[in-house]
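Residue numbers (the working numbering): 790 to 898.
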């Protein structure tokens with residue numbers, strides 16, 4: 790992430806300000822890959838079951854990882870169709886992006 794990136798309103802608006810560790814409970818890993826891991830979780834406020842894709846943007850290639858996250862979030866925000874997984878939002882916590890999506894049993898994200 791470039792210094793001051795979240796001060797840019799266009800970038801800051803891509804992310805919710807809530808603490809995802811307080812908002813999403815009962816995380817259980819359901820998949821893992823080079824991008825990070827996907828978890829089954831429950832929204833503590835709504836009791837809704839969701840899938841959380843955690844993507845780290847620290848370490849090697851931080852800038853490239855951050856750019857990939859921005860690209861994915863922008864794409865998911867535009868994706869609205871009854872036959873696709875619903876994007877719920879993205880949160881940042883300790884150099885990790887939490888991409889939250891509708892949980893769909895039996896499919897890979």
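Even for Gly, the Cβ is constructed at its ideal location relative to N, Cα and C. The structure displayed is predicted, hence computed values, not measured ones.
Exercise for the section: Keeping to the same chain, check which residues put their C-beta closer than 7 Å to that of residue 847; ignore five residues upstream and five downstream. Expected result: 884
Practice task
Could you tell me the distance, in whole angstroms, from the CA atom of residue 791 to the CA atom of residue 852?
Solution key: Low local confidence applies: a pLDDT of 45 at residue 791 is under 50, so the model's placement there is unreliable, with the coordinate-based value given in what follows. Rounded to whole angstroms, residue 791 to residue 852 spans 7 Å at the Cα level.
Exercise for the section: Give a yes or no on contact between the segment 868 to 884 and the segment 802 to 815, applying the rule of three or more CB pairs nearer than 8 Å. Expected result: yes
Practice task
Just the C-alpha distance for residue 862 and residue 803, rounded to the nearest angstrom, thanks.
Solution key: 7 Å
Handout entry: Given residue 889 as reference, the closest of 825, 871, 855 and 843 once Cα atoms are compared
Key = 843
Practice task
Write down every uninterrupted run of the beta strand (DSSP E) in the segment 844 to 885 whose length is 3 residues or greater and which is fully enclosed by it, in chain order.
Solution key: 876 to 882
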